[in-house]
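Trainee: So the sequences go chain by chain: D and X.
Mapped onto numbering that gives the first Met the number 0, the consecutive letters of the first sequence carry residue numbers 0 to 530.
Mapped onto numbering that gives the first Met the number 0, the consecutive letters of the second sequence carry residue numbers 0 to 721.
Built from N, CA and C at the ideal position, the CB exists for glycine as well.
Submitted below is the structure of interest, expressed as structure tokens.
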Amino acid sequence: MGILNIVTYIPLIGAIVILFFVRKENSVAIRYTATFFAVIDFVASLYLWFNFDPKGSGAAMWQFRYVREWIPSLGVRYEFGIDGIALLLILLTTFMGIIAVVSSYAAIDHRQKEYYILLLLLQTGMIGTFCALDFFLFYVFWEIMLVPMYFIIGIWGGPRKLYAAIKFFLYTLTGSVVMLLSIVALYFFNDGGIPFLNIKGLGNAASFSMLQYHEIGHLIPPTLQFWIFLGFFLGFAIKVPMFPFHTWLPDAHVEAPTAGSIILAAVLLKMGTYGFVRIALPILPDATKQLIVPIVVLSIIGIIYGALVSLVQKDMKKLVAYSSVSHLGFVMLGMFALNPMGLKGSVLQMINHGISTGALFLLVGIIYERRHTRMIADYGGLAKQMPVYATLFLIAALSSMGLPALNGFIGEFTILLGAANRSIVWASFASAGIVLGAAYLLWLYQRVFWGPLDNPANKNLPDVNRRELGMLLALVFLMVWIGIKPAVFFDVIEEPVNYIVRKVDPTYFDKQPLTYPPAAPVVASAVETTR
Amino acid sequence: MNPTILLLIPLLPALGALINGLRAAANPHTPKNRTVTNIVALGSTGLSALLATWTVIGYVSGGMSSAFQHAWYTWIPAGLGHVGAGNIASFAVDFAFRIDTLSCTMLLIVTWIGFLIHVYATGYMAHEEGYTRFFTYLNLFMFMMLLLVLGANYMVMFVGWEGVGLCSYLLIGFYYDKNSAADAGKKAFVANRIGDFGFILGIFYIFNTFGTADYGKVFALASANPAAYTGVATVICILLFVGACGKSAQIPLYVWLPDAMAGPTPVSALIHAATMVTAGVYMVVRSNVLFRLSPTAMLVVATVGAVTAIFAATIGIAQNDIKKVLAYSTVSQLGFMFLAAGVGAYTAAIFHVMTHAFFKACLFLGAGSVIHGCGGEQDMRKMGGLRKYMPKTRMTMLIACIAIAGFPPLAGFFSKDEILATTFEHHGFLYFLGMVAATCTAFYMFRLYFMTFSGDYRAAHVEGHPESEPEHAGHDIIPSMLHLDDGDAHSDKAHGHHAESHAPHESPWSMTGVLWVLAILAVVGGLVGLPEMFGGGHPTWFQRWLLPVLLPLGGERFEFAEAGHMQDALLILSSIGVATLGWFIAYILYKKDPSFALATRLRLKFAFLHRLLENKYYVDEFYNTVFVGGTLAFSRALSWFDAHIIDGIVNGVRNVTVILLGHGSWLFDRFVVDGAVNGVGSTARGSSRLFRKLQSGFVQNYALVMGGGIVLIAAVYLFTKP
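Here's what the structure looks like:
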């Protein structure tokens, strides 16, 4: 059966159950069925967590593998398997899946049946993408993911939902088509070559297996690597999104319903960064090294640009959306530091961003359900009226701005440590983003929660209810846990990260360890001199 | 030494914060059951102080032969990084504490002053709505501050460092429904973050150079081979010092501290005078091995310290808000501490941290008592004659004034004199600046004392001087990003005490008792650093106590500056001289002449100068316009650029594609199939018929494109297969 199949398809089964066995008028049953399957899926993914061996290296790094022939004539196989990076992203997906479903209870009041079906389908698409070790399968899941998201924004979104949905779809589609070209190029190189470009192939059997390409990647001539990399880059960079391909994101976030924003921020954006670490870096080492500087420059621009643009947004959701551009800039920067610190931080920050920004979108959604406005100017002084909500919002904001002992700090610090190890200049520019992060979030916080409570419409807002509190506390728990004991998470990605570093820079670890002199003696003897 | 007890020192206040925090969340408005709040808050800090004392005694009786260090677990296992010249090191950060004489000193100051201020606050905050919330924040602060001083590496210190910044933010903004408090809180946090930017870069440099952030290892490497690290030490130290400037309110990042007075007065005493703001000094002294490698960095520290000392002191002489005077005084005194560290008098810096904690906490709490007694008034022009009404407050504040002004044998004299004497050895001009600043200190402190306690009570007659209320033209341009300045002098106590117009009254024993304890400490606290001239030794007891922290560099041990007896005596006399001069001017202007006629004449005569000082050299206005306004304007421009240029290109590409496809390809039309999402065919923006068709049908197109892609792969594969 394969546990990965179970984790991937439980949401699909849930969707089918709702489709055939729950009547569309029975909204309570729809919700609870969806919740049930989301929870079961999370529990199933916990099985992965508890049975994962972080020490596994080499072939054993890829665990829970499930391989079947699929389309033998094309070399397509149905191949699932995960390393620690995919493991964490799957856990994030199943966890945020529950949050997404539960957060929709009150927010979605029409066409609920379709909504929850799509949400569950989306989850299958996302988990499948993280599990797939075959390019063909990967591409199928990658594309499957798009459709439910398109409908979720397009049907349950805000006033400009169609514009946003279509922009999201076309933009991402463009990227994935170019990505497909790169996959095809890899495929031909492995096999017969590309005759009309005069590129000789390796003559291997036709294959879409990612792991095989991990092995042969360095044989690809640098020029070809460069072009293949560009194809992947476009596909992934749009998804991340990196500056300047980010403008679909604010539109999509602002128009999407709360759960859509949560999933979009928490998981969909990670598809791009995941693509880089799983595909672009290990398969195309020469191109990766060649393109470090341009990509790092774009990342740093993204960090600062996203933060500055956040600063002046009037719509809370747009502000959080632009902050994502900034945060994902950190993820990309750490990744292209191409050392263990940077990559580890980068992977952890993917998770952190999912949790923190997911929480912020959830919080904005909670207040939106009460007041039906996201304009910062409509609020003020909420701390008096909704103290618990205000406290939780503050914790989420602090986590997002990287306060030590919360998750965001661990990610940002490790990323910057890695970046600084390569170039202190990169780290200096990127660290400016941390200062700006405090500025835009605290200014937001001040305008919404502090000051006098002078808008009469805000005078009777109820504080968070139990359902909301439950979701937020779960997220806060994760923020604190990762902040205090990140080693638990770093352990599972240690091997995969070192694997990628070695792929790109085989000699990285071949150096003499630094030794320390014994702790300098404390000179009590120097004390006695008194005249 | 028992690591569990060591861990409990910070953990107890954290637990207190957690319990009171949950209680506050359950009951946000009704301050139910103050007693439980008090037991939790005071119990946890008190116990923590006892355990700290126990730990220090254990360490001292253990012979202090080496620093005690304990790591609980690896907090951030970041991975293998490249270090220095071709080595590799495991970049990992332990959650670890370090006990040596420096952390012992800080530990005792923080826990005991913290405990005293908790006691005081039970009286001061008694009528406040957010009573439990207040103690939650205060306990959380204790936790973070203890992490800061106990941490065994720069990262644990950084956690505490940012953590105290957060608590400072929350406590400055305690009266969050007032815009001035909310602005001040944010300003403090952002200014601190700018400093932290330097600090964290310094930490990265430390990692790149030493492969670790652990004090023991870093200092061992640096002190074993000083010559190898001299160059990089300059960069590291200056970056670290940027962090210290933020936290300890030095030029150019001091602007947040005066505004921070919007918080309740016990907060000003604990965080913005006695403990948190001295963290920068602690950090510099902690890193003394690195700083000693770089004369350049030392000079930077000394210069910034001396300039800040005189700069803030001159502002302090023209303020009328009692807390503002003390705030600028704090900035100025912190400048003295950095001056000390910069000239190599590390022990004097920590000595001054300690004595300053005593007398400045006493002054702030005394000011709090005055404000409490005057129904929330903070303007000294509306005080006067309070010695009749508040004798205990008056007496303790007088003692603290004498201590800070630098009259022997009170605490401030010995620490300040040690600083000035060492400065004299190293740098004549900085010594001169220090002496002028010391004169100003004595002047503004006695001005404060005379205006508050001498003469007659003036609240009835004096209304605000309109000409002296600063006008801030810049405020309209920059709405509330960093609102700079008080505007209303009634910050904190106006809350609980509105509309009370009866005569001033003495504060309850919980407040005056604490004042007495601090006043006594301000008297005797200096004895630990008694110089030879006054019967101490050379080095003084305090210098010998801290010597283990001042590691030998390249085998050469740390030497304390030693001057001849004659020079010592002259320096001491001149120290006393400037203090007397400051007192004398204050006496003439504010005591002998209760109508302040001479002071007013002088003010009018030097109107420009007075305006400049009263408005704090317009630095806030400058920052607001240039940095805050500049950032916002730039951000708005970027936002426009994003919406119109970048997104414009995206939409342009889309439109061009649609047109090309629509006119150029018959295939495309065939792909367009109607009916999709909601059957909607119109775009939000509305555009051509073709465009509409594209949007309504494109999911199907997409399926075709995707399918086509797969077919393409198959086809090419089949054709190219040999």
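Thinking Leu278 (chain X) and Val163 (chain X) are a contact (beta carbons under 8 Å), I'd like their distance in whole angstroms, please.
Mentor: One detail in the question is off: residue 278 (chain X) reads as Ala in this sequence, not Leu. About 7 Å; that satisfies the 8 Å criterion.
Trainee: Considering only DSSP beta bridges, list what Asp314 (chain D) is partnered with.
Mentor: D:Met374
Trainee: What would DSSP say about Ile193 (chain D), mapped onto helix, strand or coil?
Mentor: Strand at Ile193 (chain D).
Trainee: How about Ile9 (chain D): is its C-beta nearer than 7 Å to some C-beta of chain X?
Mentor: Chain X contact via Cβ: absent.
Trainee: To the nearest angstrom, how far is it from the Cα of Leu49 (chain X) to the Cα of Ile483 (chain D)?
Mentor: Going by the C-alpha atoms only, they are around 27 Å apart.
Trainee: In or out: Gln377 (chain X) buried (at least 16 other Cβ within 10 Å) or exposed?
Mentor: With 16 or more other Cβ atoms within 10 Å, it is buried.
Trainee: At a Cβ threshold of 7 Å, is Ala320 (chain D) touching chain X?
Mentor: no
Trainee: Under a three-way DSSP split, which group does Phe63 (chain D) fall into?
Mentor: strand
Trainee: Taking a cut of 8 Å between CB atoms, which residues from the region 73-87 of chain X lie near chain D?
Mentor: Thr73, Trp74, Ile75, Pro76, Ala77, Gly78, Leu79, Gly80, His81, Val82, Gly83, Gly85, Asn86, Ile87
Trainee: If we count the other Cβ atoms within 10 Å of its Cβ and call it buried at 16 or more, is Ala58 (chain D) buried or exposed?
Mentor: exposed
Trainee: Can you tell me where the beta strand (DSSP E) with Gln68 (chain X) in it begins and where it stops?
Mentor: In the DSSP assignment, Gln68 (chain X) falls within the beta strand (DSSP E) that extends over 67-82.
Trainee: For the beta strand (DSSP E) that Tyr77 (chain D) lies in, which residues bound it at each end?
Mentor: 75-81
Trainee: Within the same chain, show all residues whose beta-carbon is closer than 7 Å to that of Ser585 (chain X), passing over the 5 residues directly before and after it, in chain order.
Mentor: The sequence as given places Ala at residue 585 (chain X); Ser does not occur at that position. Excluding residues within five positions, the ones whose Cβ falls inside 7 Å are Phe442, Phe445, Arg446, Phe449.
Trainee: Can the beta-carbon of Gly184 (chain X) be found less than 7 Å from the beta-carbon of Gly172 (chain X)?
Mentor: yes
Trainee: Rounded to whole angstroms, what is the Cα-Cα separation between Lys317 (chain D) and Ile366 (chain D)?
Mentor: Rounded to the nearest whole angstrom, the CA to CA distance from Lys317 (chain D) to Ile366 (chain D) is 15 Å.
Trainee: For a contact defined as C-beta to C-beta under 7 Å, what are the partners of Lys343 (chain D) on chain X?
Mentor: Ala77, Gly78
Trainee: Given that a residue counts as buried once 16 or more other Cβ atoms are within 10 Å of its Cβ, and exposed if not, what is Pro390 (chain X)?
Mentor: exposed
Trainee: Using only alpha-carbon positions, find the residue among X:Leu238, X:Ala326, X:Ser65 that is nearest to Phe272 (chain X).
Mentor: Reading off the sequence shown, one finds Ala at residue 272 (chain X), where the question assumed Phe. Cα-wise, what sits closest to Ala272 (chain X) is X:Ala326.
Trainee: Could you check whether Leu545 (chain X) and Thr274 (chain X) sit closer than 7 Å to each other, using their CB atoms as the reference points?
Mentor: No, the Cβ-Cβ distance between Thr274 (chain X) and Leu545 (chain X) is not below 7 Å.
Trainee: Determine the chain D residues that contact Leu631 (chain X) at a beta-carbon separation under 8 Å, and present them in chain order.
Mentor: Leu310, Val311
Trainee: Return the Cβ separation of Gly174 (chain D) and Lys238 (chain D) in integer angstroms, given the expectation that the two are a contact with Cβ distance under 8 Å.
Mentor: About 6 Å; that satisfies the 8 Å criterion.
Trainee: Kindly list, in the order they appear in chain D, the residues whose Cβ is closer than 8 Å to that of Leu611 (chain X).
Mentor: What Leu611 (chain X) touches in chain D: nothing, since even the nearest Cβ is about 29 Å away.
Trainee: Exposed or buried, Val128 (chain D), counting other C-beta atoms within 10 Å across all chains shown (16 or more means buried)?
Mentor: The residue you asked about is not Val; residue 128 (chain D) is Thr in the sequence shown. Burial of Thr128 (chain D) is indicated by the presence of at least 16 other C-beta atoms within 10 angstroms of its C-beta.
Trainee: Who are Val92 (chain X)'s beta bridge partners in DSSP?
Mentor: X:Ile75
Trainee: Along chain A, in chain order, which residues have C-beta atoms closer than 8 Å to that of Phe413 (chain X)?
Mentor: Absent here is chain A; the protein component of the structure consists of chains D and X.
Trainee: Starting from Gly127 (chain D), find everything on chain X with Cβ-Cβ shorter than 9 Å and list it in chain order.
Mentor: Ordered by position in chain X, no residue passes the 9 Å Cβ test against Gly127 (chain D), which lies about 15 Å from the chain.
Trainee: Taking the C-alpha atoms as reference points, what is the distance between Pro485 (chain D) and Leu73 (chain D)?
Mentor: 43 Å
Trainee: Considering only the alpha carbon of each residue, which of X:Thr329, X:Leu333, X:Ala317, X:Ser293 lies closest to Tyr281 (chain X)?
Mentor: X:Leu333
Trainee: Can you say whether His352 (chain D) is buried or exposed, counting buried as having 16 or more other CB atoms within 10 angstroms of its CB?
Mentor: buried
Trainee: Is Thr3 (chain X) helix, strand or coil when you go by DSSP?
Mentor: helix
Trainee: Just checking, does the region 348-356 of chain X make contact with the region 407-416 of chain X on the three C-beta pairs under 8 Å criterion?
Mentor: Segments in contact, yes.
Trainee: Please compile the residues from chain D whose C-beta is within a distance smaller than 7 Å of the C-beta of Glu161 (chain X).
Mentor: Leu402, Pro403
Trainee: Measuring straight from C-alpha to C-alpha, what distance separates Ala458 (chain X) and Gly383 (chain X)?
Mentor: Cα to Cα, the separation comes out at about 8 Å.
Trainee: By Cβ distance below 7 Å, which residues in the same chain neighbour Ile5 (chain D) in space, the five residues on each side in sequence not counted?
Mentor: In its chain, beyond the 5 residues on either side, Ala43 have a beta carbon closer than 7 Å to the beta carbon of Ile5 (chain D).
Trainee: Tell me whether Gly680 (chain X) sits in a helix, a strand or coil according to DSSP, three-state version.
Mentor: Note on Gly680 (chain X): pLDDT 39, under 50, position unreliable in the model; no value is reported.
Trainee: Under 7 Å, do Leu3 (chain D) and Phe79 (chain D) count as touching if we go by C-beta distance?
Mentor: yes
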